[in-house]
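Each residue of the sequence shown is one higher than the last, beginning at 850 in our numbering.
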Amino acid sequence: MKTLKRILLGFVIIISAVTCLWFGRFKVEDISAHKKIADINSYMKTVDDIKVSDNVNVVAIGEAAHGCKDFQELKLSVLKKMVKDYDFRAFALEADYGECATINRYIQGGDGDIESIVKTFSFPIYRTKQMEELISWMREYNSTVSEGEKLRFYGFDMQNPETSYEFLKSYCTSKGLTSADEFDKKLDCIEKGEISVESAKAVIDFVTGLKEKIGDIDVANADDRDAVFELNTVRQSMETFTNSNESYYTLRDSDMAGNIEAVLDIEKKIGSGKLVIAAHDGHIAKIGNGYTSMGAVLSNDLKDAYYSIGTDFWKVTDNIKVLEKKKRSIQSFISADPFAAQARFAKDKQYLLDFSDIKEGSSLYSLINSPLRMGSLGEGYTWMMRIVQSSYRPKAMPSGLYDAMIFVYEGSPIEIIE
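Structure follows, in structure tokens:
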């Protein structure tokens, strides 16, 4: 019996020691990363100090955590800056084109109220006061300028094809492209959310046929433009069910990049040819984490006309969806990003770091070109993240991902409007 007790005691001691070493390693990283970086204050800037070259026509603003209101506020701050100083006239969001087209009609002076309009978003993370403010600002701005100077709102995602259902049905039947009965029959699987490989293939054939019937369009005609784009994103969504050659992540990001480039082509014809896009840091990054990111495609295609601004937090209290459950949770995380730690010395505990300002050969230059812990939180929380902390604070080289970054010392959670 005594021997068994000694074995059990030894086992407990070993487990306790391993646990302390495992979690202690992350705590040591936190302490080390929180140290003051010499000369960092002289490089700290604000959003108002953003400078981009004249050839830049896509500026991307990321978010290290979907459920943090500070990053949502940055969308509007960056948009205002680019509109005011660089004549950008379009904004595109990581959301489906269909729902954003509905929001754009409101921004162009259409009927509705902001409380109802913001609930158009499929993703709960956008049903917030911050997005209300962004949409309202765009609508108000448009009320003060001529038709040729108005701002437009786009979506470039394709995960919620049902948001295009009503508009496409109305458009296609009014143009005599199909009957209401045929439309309902062909797209019934989308409306019900019961999509199989076979039904997805049938939808692809149907929407491809409708697009061919429409033919060439005048992109200045908003309804024609929206119809063609929404047929395209419905097809893309269905291809995520039928595709077996690429990973879902690679296919989605490739499609999103293609949609952004298509929007850019439209804006070159009807606007200033310049576009602000907003998405998760992982999507706008010029190098993907295990797959080809949207930002990697845009950087390759647009070269230095693509300017990417990443974000990070030192500590964030995040409103995040619980994996495989229909509920959300408020959780706090620390990134261990040494640059984010410096935000405690900045005005309002937030600053912009433009990597092009940093002199080659300096200690800061070495740091931005080294793998660092960086926060990255999407729409999925599990208790396992507390054990495998690298799942939300991976290592990456900042200068390889972005042209600049905005750091927030402590982020607060979004409040979702029900």
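Ideal Cβ placement from N, Cα and C applies to all residues, glycine included.
The model shown is predicted, which means the values in this text are computed figures rather than measured ones.
| field | Paired residues, beta bridge with S1157 - DSSP | value | A909
| query | With contact counted as at least three CB pairs below 8 Å, one residue from each stretch, are the stretch 1178-1198 and the stretch 932-949 in contact? | reply | no
| Pick from D1197, Y1214, S1239 and G1210: whose alpha carbon is nearest that of I1255? | D1197
| What are the boundary residues of the beta strand (DSSP E) that F1194 is part of? | Per DSSP, F1194 belongs to no beta strand (DSSP E) and is neither H nor E.
| request: Inspect the beta-carbon positions of A909 and I1169 and report whether they are closer than 7 Å. | output: no
| Through-space distance from Q1008 to G1107, alpha-carbon basis | 15 Å
| field | Three CB pairs or more closer than 8 Å across the stretch 912-919 and the stretch 1097-1116 | value | As far as the Cβ criterion goes, the stretch 912-919 does not touch the stretch 1097-1116, which means the pair count is below three.
| request: Work out the CA separation of T1027 and C1021 for me, nearest whole Å. | output: Looking at the two C-alpha atoms, the distance is approximately 6 Å.
| said: Under DSSP, the beta strand (DSSP E) around R1101 begins and ends at which residues? | reply: Per DSSP, R1101 belongs to no beta strand (DSSP E); it is in the alpha helix (DSSP H), Y1097 to I1119.
| said: Just to confirm the assignment, what range does the beta strand (DSSP E) spanning G1260 have? | reply: A1253 to G1260
| task | Return the CA-CA distance between K1035 and N1081, expressed in angstroms with no decimal places. | result | In this structure, the straight-line span from the alpha carbon of K1035 to that of N1081 is close to 16 Å.
| Pick from K885, V907 and S902 that is closest to D1150, judged by C-alpha positions | Of the candidates K885, V907 and S902, the residue whose Cα lies closest to the Cα of D1150 is V907.
| task | Could you work out which residue in A1076, V967 and R1222 is closest to F1019 when comparing CA atoms only? | result | The amino acid at residue 1019 is misidentified as Phe; the sequence shows Ser. The residue with the shortest Cα to Cα distance from S1019 is A1076.
| message | Just to confirm the assignment, what range does the alpha helix (DSSP H) spanning S965 have? | response | I963 to I966
| task | Identify which residue in Y1258, K884, S926 and A939 has its Cα closest to the Cα of E1110. | result | A939
| Using DSSP with H/G/I as helix, E/B as strand and the rest coil, what is N1218? | DSSP places N1218 in coil when its eight states are reduced to three.
| query | In or out: K1123 buried (at least 16 other Cβ within 10 Å) or exposed? | reply | buried
| query | What residues are listed by DSSP as bridge partners for G1004? | reply | Its beta-bridge partners are L942.
| Contact between the stretch 996-1005 and the stretch 943-958: three or more CB pairs below 8 Å? | Cβ pair count under 8 Å is three or more, so yes.
| said: On the DSSP bridge list, what partners appear for A914? | reply: L1226
| message | Closest to I899 by C-alpha separation, out of I952, T1057 and A1253, would be which residue? | response | A1253
| Start and end of the beta strand (DSSP E) containing S1178? | Its beta strand (DSSP E) spans residues R1177 to I1183.
| said: Can you give me the C-alpha to C-alpha distance between D1073 and D1030, rounded to a whole angstrom? | reply: 22 Å
| task | Would you be able to state if there are at least three C-beta pairs under 8 Å between the stretch 969-985 and the stretch 1132-1144? | result | no
| From which residue to which residue does the beta strand (DSSP E) around I1126 run? | Annotation for I1126: the continuous beta strand (DSSP E) segment containing it runs L1124 to A1127.
| field | Touching by the beta-carbon criterion (3+ pairs, under 8 Å), the stretch 1201-1211 and the stretch 1227-1234 | value | no
| query | By how many angstroms is the C-alpha of V877 removed from the C-alpha of L870? | reply | Model confidence at L870 stands at a pLDDT of 47, short of 50, so the residue's coordinates are unreliable; what they give is reported in the following sentence. Approximately 10 Å, taken between the alpha carbons.
| message | Going by DSSP, what residue range makes up the alpha helix (DSSP H) through P1243? | response | Neither: P1243 is in no alpha helix (DSSP H) and is coded neither H nor E.
| field | Other residues of its chain near G1144: CB distance less than 6 Å, five sequence neighbours each side excluded | value | Within the same chain, G1144 has close Cβ partners I1133, A1134, K1135 and S1157.
| task | Return the CA-CA distance between L1059 and I1236, expressed in angstroms with no decimal places. | result | 50 Å
| request: Look at the alpha carbon of I956 and the alpha carbon of E1047, and state the distance between them as a whole number of angstroms. | output: Looking at the two C-alpha atoms, the distance is approximately 38 Å.
| alpha helix (DSSP H) containing K1062: first to last residue? | It spans V1046 to I1063 - the alpha helix (DSSP H) in which K1062 sits, taken as one unbroken run.
| Quick one: Cα of K1164 to Cα of Q1199, how far? | 12 Å
| Could you check where the alpha helix (DSSP H) with V1077 kicks off and where it finishes? | A1071 to T1091
| query | Taking all protein chains shown into account, do 16 or more other C-beta atoms lie within 10 angstroms of the C-beta of R1084, making it buried, or fewer, making it exposed? | reply | buried
| said: Please report the distance separating the alpha-carbon of D879 from that of I1183. | reply: 8 Å
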